[in-house]
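Asker:
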Amino acid sequence: MPLHLSTILEAADRLRAGGVVAFPTETVYGLGADALNEDGVRRVFALKGRPSNNPLIVHVSDESMAKRVVGAWPDIASRLASAFWPGPLTLVLPRAACVPEVVTAGGPGVAVRCPDHPVAIALIEALGSPIVGPSANPSGRVSPTTAEHVRAAFNSIEVMVLDGGACRAGIESTVLSLLDPEPIVLRRGVVTPEQVSRVLGTAPRIAGGINSDSPPPGAPMPSPGMLRSHYAPEAPLELFEPSEWSRVSRGTGVVVALCMDPATSLEPPSRVIPMPADATLYAAALYAALRDADALRPDLIAVERPRGVGGVWDAVRDRLERAAAPR
Ligand code: TXA
Ligand code: MG
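The C-terminal residue of the sequence shown carries number 1296 in our numbering, and the numbering is unbroken.
1. Closest by CA to residue 1210, which one among 1055, 1149, 1229?
2. Return yes when the Cβ of residue 995 is within less than 8 Å of the Cβ of residue 1085, no when it is not.
3. Can you check which of these residues, 1031, 1265, 1254, 1058, is closest to residue 1098 by C-alpha distance?
4. Within the stretch 1057-1126, note down every full alpha helix (DSSP H) run reaching 4 residues or more, in order along the chain.
5. Taking 7 Å as the line, does the beta carbon of residue 995 fall inside it for any heavy atom of ligand 2?
6. Go ahead and label residue 1268 buried or exposed: buried means 16 or more other beta carbons lie within 10 angstroms of its beta carbon, across all protein chains shown.
7. Could you check whether residue 1039 and residue 1059 sit closer than 8 Å to each other, using their CB atoms as the reference points?
8. Please determine, among 1112, 1116, 1287, the residue with the shortest C-alpha to C-alpha distance to residue 1203.
9. Is residue 1084 near ligand 4, judged by its Cβ being under 7 Å from some heavy atom?
10. As a quick exercise: from 1153, 1141, 1251, 1083, pick the residue whose alpha carbon is nearest that of residue 1033.
11. State the DSSP-derived secondary structure class of residue 1183, mapped to helix, strand or coil.
12. Compare the beta carbon distance of residue 1114 and residue 1257 with 8 Å and say whether it is the shorter of the two.
13. Starting from residue 1297 and walking both ways along the alpha helix (DSSP H), at which residues does that stretch end?
14. Helix or strand or just coil, what does DSSP make of residue 999?
15. From the DSSP output, in three-state form, read off residue 1162 for me.
16. Beta carbon of residue 1107: closer than 7 Å to some heavy atom of ligand 2?
17. Measure the CB-CB distance between residue 1092 and residue 1003 and report whether it falls below 8 Å.
18. Could you name each continuous beta strand (DSSP E) segment of 3 residues or more that falls completely within the stretch 1213-1261, going from the start of the chain to the end?
19. Here's the rule I'm using: 16 or more other beta-carbon atoms within 10 Å means buried, otherwise exposed. How should residue 1161 be labelled?
20. For the beta strand (DSSP E) that residue 1156 lies in, which residues bound it at each end?
21. Would you check if there are 3 or more beta carbon pairs closer than 8 Å linking the stretch 1271-1282 to the stretch 1248-1263?
22. Which term fits residue 1136, buried or exposed, when burial requires 16 or more other beta carbons within 10 angstroms of its beta carbon?
23. Answer with buried or exposed for residue 1232, where buried requires no fewer than 16 other C-beta atoms within 10 angstroms of its C-beta.
24. Report all residues from its chain with a CB closer than 6 Å to the CB of residue 1042; omit the five preceding and five following residues, and keep chain order.
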């Protein structure tokens, strides 16, 4: 059901008053506040329980709005924006003075992205200003891909939710830092390093894999998406190889297994949640599947390790490994 213009205008009024509005994007739902309103931005940190050294992405409606929040817009930013915006590529560039330091966690860079979703764009345009938007989940947990997921986590008085249906991509944007001469992928996403290479003519560096390093106290984190444990469901999660199925299926307690092999099944109350064999479809289904698994209150969520490599599979594997990491 398309959203009425009056709902978008009401949402923009809330943002203007320092309020919080959850909005759909093509990746996951964001928890929005006026990026230039420090009170609103602080409210987002508080609602998420997000440490203040984790910077937030600033969502813009187009390239000209992006230029208002950055201190420099190099040619490579133009080329990447032309190629991928609106879309799931976030660019980290020097921060303009108008962006409150709380947004960038005191760091020198601001992350900007133009979401490919008509509701997100309409909201930004109605406000006339950029909107911060971390994923609309309590810090460290699974990102929401439906309005219902957001409503389950936040009080409707504090957070107005714009329902734009299920998110298409299902995993978060690719984060690419352009702060150094050599572009660095800080977080993998559905825009792959290969696609970025084709536009730049050189391959971006991929920031070190899973790490558990905490930055020095007070220092901004390089990227919270790089924390070892992230995107985690409530239940413990384990990855298994297809050859380990017999061990998983004989496990004790209630097991929910996410499997790509359609032949697998488990005795109730354990259950198999079938997963698509295509990377893009798998990404779109993953977070809802983890939530469905959690809802069954299992002792273990067992996820068949996808065999696909490259492209979107690498981003999927990144999320699964962080979900499985010790907490
Ligand atoms: O797809 C997405 O990116 C979603 C939708 C709502 O746009 N947003 C999202 O935001 O995933 P969040 O806050 O959950 O993740 C933001 C990622 C984090 O890994 C964070 O470290 C990185 O972007 N980030 C944000 N600002 C940054 C900055 N100034 N420098 C480096 N990394 C930054
Ligand atoms: Mg997040």
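No residue lacks a Cβ here, since even glycine has one placed at the ideal position from N, Cα and C.
Answerer: In this structure, then:
1. 1229
2. yes
3. 1031
4. 1070-1073, 1087-1096, 1116-1122
5. no
6. exposed
7. no
8. 1112
9. As presented, the structure is devoid of ligand 4, carrying ligand 1 and ligand 2 as its sole ligands.
10. 1083
11. For residue 1183, the predicted structure reports a pLDDT of 47, less than 50, and the residue's modelled location is therefore unreliable. A value from the coordinates is still provided. DSSP places residue 1183 in coil when its eight states are reduced to three.
12. yes
13. Because the chain spans 970 through 1296 in this model, residue 1297 falls outside it and cannot be assessed.
14. strand
15. helix
16. no
17. no
18. 1224-1228, 1240-1243
19. buried
20. 1153-1156
21. yes
22. buried
23. exposed
24. 1036
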